[in-house]
Amino acid sequence: MFLSRVNATRFQPLVVSRLFSAAVPLLKYCTVKPPIKPWPERLFPKRLVSMITQQQNIDLALQIFIYAGKSHPGFTHNYDTYHSILFKLSRARAFDPVEPLLADLRNSYPPIKCGENLFIDLLRNYGLAGRFEASMRIFLRIPDFGVKRSVRSLNTLLNVLIQNRKFDLVHAMFKNSKESFGITPNIFTCNLLVKALCKKNDIETAFKVLDEIPAMGLVPNLVTYTTILGGYVARGDMEAAKKVLVEMLDRGWDPDVITYTVLMDGYCKLGRFSEAAEVMDDMERNEIEPNEVTYGVMIGALCKEKKSGEARNMFDEMLDRSFMPDSSLCCKVIDVLCEDHKVDEACSLWRRMLKNNCMPDNALLSTLIHWLCKEGRVSEARKLFDEFEKGSIPSLMTYNTLISGMCEKGELTEAGRLWDDMVERKCKPNAFTYNVLIEGLSKNGNVKEGVRVLEEMLENDCFPNKTTFLILFEGLQKLGKEEDAIKIISMAVMSGKVDEESWELFLKKFASELDKGVLVLKELLREISVS
1 MFLSRVNATR FQPLVVSRLF SAAVPLLKYC TVKPPIKPWP ERLFPKRLVS MITQQQNIDL
61 ALQIFIYAGK SHPGFTHNYD TYHSILFKLS RARAFDPVEP LLADLRNSYP PIKCGENLFI
121 DLLRNYGLAG RFEASMRIFL RIPDFGVKRS VRSLNTLLNV LIQNRKFDLV HAMFKNSKES
181 FGITPNIFTC NLLVKALCKK NDIETAFKVL DEIPAMGLVP NLVTYTTILG GYVARGDMEA
241 AKKVLVEMLD RGWDPDVITY TVLMDGYCKL GRFSEAAEVM DDMERNEIEP NEVTYGVMIG
301 ALCKEKKSGE ARNMFDEMLD RSFMPDSSLC CKVIDVLCED HKVDEACSLW RRMLKNNCMP
361 DNALLSTLIH WLCKEGRVSE ARKLFDEFEK GSIPSLMTYN TLISGMCEKG ELTEAGRLWD
421 DMVERKCKPN AFTYNVLIEG LSKNGNVKEG VRVLEEMLEN DCFPNKTTFL ILFEGLQKLG
481 KEEDAIKIIS MAVMSGKVDE ESWELFLKKF ASELDKGVLV LKELLREISV S
């Protein structure tokens, strides 16, 4: 048997050419010398797997794999080494070398005995990258590697198809699973089909599947019912969702935290907050602990209703139970507190989070800085910024928020210092940063400095927009220096960074008065010719 395989590989030109073409993409990763130093004198597959896993650089990981197989004396790849490199590449979405490596694996001699886990990982990683067609191809080719497909690889593929919203394909694969692939679906497979149908808003067919499950020798479980309940919730049909809950209880299935949370989310989205609260009370009466998602649903709903006190209390309860809220939820609570003129409470919440080792991020910091500046508490905002800077790197959004607040309150010196700090940290200003600084300078009568900032903006290849020019024009008009506006237009035209809206502004500002417009145009042409 082995001999026939060797002969086929050796004497069929078509196969040889195919193998060669498959290997071509890997040639650039071949190295004469060891790709890393020190290279181990003795190398075993387990050691190589560790080297590949720990390597952060994807290209280097592949070079290590290829060098070991081609150049290390006595070393031979096995299933584990192929699995480790293929997993690493596909996880990093470096898909180009995957096919050539699979070709090498399939044509290895002596043959390498493969396991299904390698293909399950590939199915999942291709799916996460949105490449469901590649996942389908991998699934169909599993037997080519001497591996029997099981319900595990089928379920992984169905999940990939759901992630990529290919719901009809899920149904087709399910129907043909036994006849075409020799795979008997299990309850997880059925649940995935129910999920696909509910996502497609075909809950009626999902119910038919539910009724047919016992005929397959399977028993619908909590996930089956919760999925159908979630389908009705997504449709906004809470009465039908409640009926599913009753049926679930009648069949002896107790709802879990996920079931309750799905139901609460449905009521919240419809603005029926008292009913959502009743569901939460019912959950706690049944001694089921809420999780971070449950809290997120309720707190988000309270914030939407502008119930700052209740949102804060529930947020505190969440922290007391050692749940870590995400940045988005924190921003909602900070916003609703500050909108209700409770900025001190928002600051207190910030300190509480720090105490609980829940490190706030740039989005949350920017939100709080915005509100502090709006209240005129710029020095407190700066203090908060400085504290954050000790342990984290502020983002451009955070710098922009604080610079904007400082300029709004006329604290231009402080804004300038913060600008310098930002530039030193290699954080490049954008059009918004330049605009707020130009506006701050213009409002405080320092238009000349605003023009200088515009020059710097153009030099740094940052495109000004209509807002930038409007700010400067209005500042110059107030000072009675309209002739300086011509220099600004000239500067902008020469830079080649004038957008359509800015040209419209130039025309409205100067060409509305015919005589004046002609003079401006002549002066502009003269400026351009001189420069």
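All letters in the sequence shown, in the order written, are residues 1 to 531 by full-length UniProt numbering.
Every residue gets a Cβ at the ideal spot worked out from N, C-alpha and C, and that includes glycine.
All figures in this text were calculated on a predicted structure; none of them were measured in a lab.
Return helix, strand or coil for residue i, following the three-state DSSP convention.
i           : result
residue 171 : helix
residue 226 : helix
residue 82  : helix
residue 90  : helix
residue 54  : helix
residue 125 : helix
residue 532 : What is shown of the chain runs 1 to 531, which leaves residue 532 out entirely.
residue 338 : helix
residue 143 : helix
residue 253 : coil
residue 269 : helix
residue 235 : helix
residue 21  : The pLDDT assigned to residue 21 is 42, lower than 50, so where the model puts this residue is not dependable, and the model offers no usable value.
residue 67  : helix
residue 183 : coil
residue 111 : coil
residue 388 : helix
residue 72  : coil
residue 532 : The structure shown does not extend to residue 532, since the chain is modelled only from 1 through 531, so no value can be given for it.
residue 282 : helix
residue 158 : helix
residue 427 : coil
residue 45  : helix
residue 393 : coil
residue 8   : Because the pLDDT at residue 8 is just 34, under 50, the model does not fix this residue reliably, and the point stays unresolved.
residue 416 : helix
residue 475 : helix
residue 32  : coil
residue 375 : coil
residue 150 : coil
residue 116 : helix
residue 331 : helix
residue 135 : helix
residue 16  : Only weak support is given to the placement of residue 16: the predicted model assigns it a pLDDT of 35, under 50, and the value that follows is read from those uncertain coordinates. Residue 16 falls in the helix class under three-state DSSP.
Specify, as a first and last residue, the run of the alpha helix (DSSP H) that residue i falls within.
i           : result
residue 301 : 292-304
residue 435 : 431-443
residue 39  : That residue, residue 39, is in no alpha helix (DSSP H); it is neither H nor E in DSSP.
residue 453 : 447-459
residue 311 : 308-320
residue 399 : 396-408
residue 219 : No alpha helix (DSSP H) contains residue 219, which DSSP labels as neither H nor E.
residue 287 : No alpha helix (DSSP H) holds residue 287; DSSP gives it neither H nor E.
residue 345 : 343-355
residue 104 : 98-106
residue 210 : 203-212
Using CA atoms only, rank isn't needed, just tell me which of the options is closest to residue i.
i           : options               : result
residue 224 : 245, 290 and 234      : 245
residue 267 : 255, 396 and 280      : 280
residue 44  : 211, 32, 464 and 77   : 77
residue 142 : 88, 158, 212 and 117  : 117
residue 114 : 92, 144, 132 and 137  : 144
residue 271 : 303, 293 and 286      : 303
residue 444 : 30, 120 and 410       : 410
residue 58  : 462, 377 and 88       : 88
residue 288 : 277, 388 and 260      : 260
residue 152 : 119, 198, 197 and 357 : 119
residue 275 : 263, 284 and 285      : 263
residue 308 : 285, 343, 181 and 214 : 343
So residue i and residue j are in contact, right, with Cβ under 8 Å, and what is the actual spacing, rounded?
i           : j           : result
residue 160 : residue 124 : 7 Å
residue 297 : residue 326 : Wrong, their Cβ atoms sit about 12 Å apart, outside the cutoff.
residue 400 : residue 432 : 5 Å
residue 488 : residue 454 : 7 Å
residue 186 : residue 218 : 7 Å
residue 294 : residue 257 : 6 Å
residue 471 : residue 435 : 7 Å
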